[in-house]
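Heads up: the sequence shown is residues 5 to 294, going by this note's numbering. Glycine residues also receive a C-beta, built at the ideal position from the N, C-alpha and C atoms.
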Amino acid sequence: MSNLERKFGKYAISNLTVILLGCYVVGYVIQMVLPGLFQYLTLNPYLIFKGQIWRILTWVLVPPTSLTSSLDAFLVVIMLLFYYSLGTNLERAWGTWRYNVYIFRGIGITVLFSIVVTGIYLLLLGGSNASYLASFLSAGAMFYSTYYINMSIFLAYAMTYSNAQVLLMFVIPVRVKWLGILYGVMLVFEMVQAFFALNWFTVAAIAASLLNFAVFYFQVKRHISPKQIRRRVQFQNEIRRNPSPSTGHKCAICGQTDAMNDKLEFRYCSKCNGNFEYCQEHLFTHEHVK
Numbered sequence: 005m006s007n008l009e010r011k012f013g014k015y016a017i018s019n020l021t022v023i024l025l026g027c028y029v030v031g032y033v034i035q036m037v038l039p040g041l042f043q044y045l046t047l048n049p050y051l052i053f054k055g056q057i058w059r060i061l062t063w064v065l066v067p068p069t070s071l072t073s074s075l076d077a078f079l080v081v082i083m084l085l086f087y088y089s090l091g092t093n094l095e096r097a098w099g100t101w102r103y104n105v106y107i108f109r110g111i112g113i114t115v116l117f118s119i120v121v122t123g124i125y126l127l128l129l130g131g132s133n134a135s136y137l138a139s140f141l142s143a144g145a146m147f148y149s150t151y152y153i154n155m156s157i158f159l160a161y162a163m164t165y166s167n168a169q170v171l172l173m174f175v176i177p178v179r180v181k182w183l184g185i186l187y188g189v190m191l192v193f194e195m196v197q198a199f200f201a202l203n204w205f206t207v208a209a210i211a212a213s214l215l216n217f218a219v220f221y222f223q224v225k226r227h228i229s230p231k232q233i234r235r236r237v238q239f240q241n242e243i244r245r246n247p248s249p250s251t252g253h254k255c256a257i258c259g260q261t262d263a264m265n266d267k268l269e270f271r272y273c274s275k276c277n278g279n280f281e282y283c284q285e286h287l288f289t290h291e292h293v294k
C-alpha cells in the first residue's frame, strides 16, 4: 500500500466523501423529478454487456434509502451529515490515498460480484424467454445501491475510532465499536436470510461490503493498527504545519522525533533488516522488516 501511495498517491481524490454525498443528492433529485430514469442508472451487468456501459458508474447515483415523505427527508439529512462526519474523519486518519482505495475497492468488488451473480442467472435461465430474463435481471439490479458501501464505511470507522461515542436515538451514549459489532452481525444475518431465500443479488451486495472490510481488517492487523495510522497521519500533519529542524531520532511507525517529545526514548531494532528506529511505544510491538 505504501509503495502504491508513493507512485499513485498524487492522483487520489481529496474530499471523496463530499463527492459521494453529492451523488446521493443528485439521486434524490432524480427520484423526485424523474423517477423513471432510475431504470437506466442501475447496476445491471446484463445490459452493460449489451452496450450500456455507463451503468458501471451511474449506479452510484442510486441513493441508499427512498424518499417518500417529510420524515424521510429529515432522516436523509441526518444520514448525509452522519456519513460526512464518518468519511472526513476516516480520510483525515488514514490519508487521502488509503481512503480512496477503500471506497473504490468496495465499489469495484460490488461490480465484480454483480457480474458473477448475473452470469449465474444467465446460465440457469438461459433458455427462458428473453423479455422475462431482461425484466428479472433489471428487477434484481435494484438491489445494488450504495447502502452496503456506507455500512462498510461505518464498520471501518468503528474499528478506527473504537472508543468514540455516538448518541443512539439522539439520547443514549454508546461506544461506536459496539454499534459496529451489532451492525456487522446484522449484515451477516441479513446475508444468510437472503441466501436461503435464493436472493443472490442481496447476497452479492452484502458479501462485497463485508469482503472489502475484511481485506482492510487483515491489512491493518498484519501491518499496523488503525490507531497507529491515525497517530502517524496526525504527526505528519503537525510536522507540515510546524516544520522542525532535522533530528537524530525518528520512529519508523508513528513519525515522532526527539524534537517533538524530548522525553521519548528511541532504539534501533536488531531484528529488522535495515536501520529502522522506533520509539519506546513501538519498539516491541512493531512487525519486523524482513
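Tell me where the beta strand (DSSP E) around residue i begins and ends.
i	result
C27	Unbroken run through C27 is the alpha helix (DSSP H), 20-37; no beta strand (DSSP E).
V170	169-172
P49	Element bounds for P49: not the beta strand (DSSP E) but the alpha helix (DSSP H), 49-52.
F270	270-272
Y282	281-283
Cα-Cα, which of the options is closest to residue i?
i	options	result
G188	W101, L126, N154	N154
R102	E9, Y221, F217, N203	E9
Y148	V175, V33, T114, G259	T114
I257	V293, F86, A263, A145	V293
R271	C283, F217, D262, P39	C283
L141	T69, Y44, T164	Y44
M163	N279, F217, H286, I23	F217
S213	A16, T69, I185, T150	T150
G110	H290, F280, Y152, M83	Y152
T206	V219, D76, V120, L186	V120
S118	E285, R59, L84, I34	R59
L85	F12, G26, V105, L287	G26
N265	V219, E285, V22, P39	E285
L71	K54, P39, F53, I57	P39
A77	L137, Q35, W63	Q35
F220	L129, E291, W98, V196	W98
L24	F12, K11, L61, H253	L61
G13	L51, L116, S74, N104	N104
Y161	A143, F108, Y88, L172	Y88
A208	L116, E281, H253, E269	L116
M253	T289, S274, N279	At residue 253 the sequence reads His, which differs from the Met that was named. Of T289, S274, N279, the residue nearest in Cα terms is N279.
S299	S74, L51, E291, Q56	Residue 299 is absent from the model: the chain starts at 5 and stops at 294.
C255	M190, L287, L202	L287
G112	M83, P68, W63	W63
S274	V178, G259, F42, H290	H290
T122	T261, F53, M190, M83	F53
Which residues mark the beginning and the end of the alpha helix (DSSP H) in which residue i is found?
i	result
V196	180-200
E297	Since the first residue of the chain shown is 5 and the last is 294, residue 297 is not available in this structure.
I153	151-164
I60	59-62
Assuming residue i and residue j are in contact, meaning their beta carbons sit under 8 Å apart, how far apart are those beta carbons, in whole angstroms?
i	j	result
E194	I176	In fact, because the Cβ distance is near 23 Å, the residues do not count as touching under 8 Å.
V66	G31	6 Å
E95	L20	7 Å
V192	L183	Going by Cβ atoms, the distance from V192 to L183 rounds to 15 Å, so no, they are not a contact pair.
A145	N277	Not a contact, Cβ separation roughly 50 Å.
L90	I157	6 Å
T100	A16	4 Å
A198	V180	That pair is no contact at about 26 Å.
L137	L129	5 Å
W204	I124	7 Å
So that I know if they touch, is there some Cβ in chain B lying closer than 8 Å to that of residue i?
i	result
S74	Structure shown: chain B not included; a single protein chain is present.
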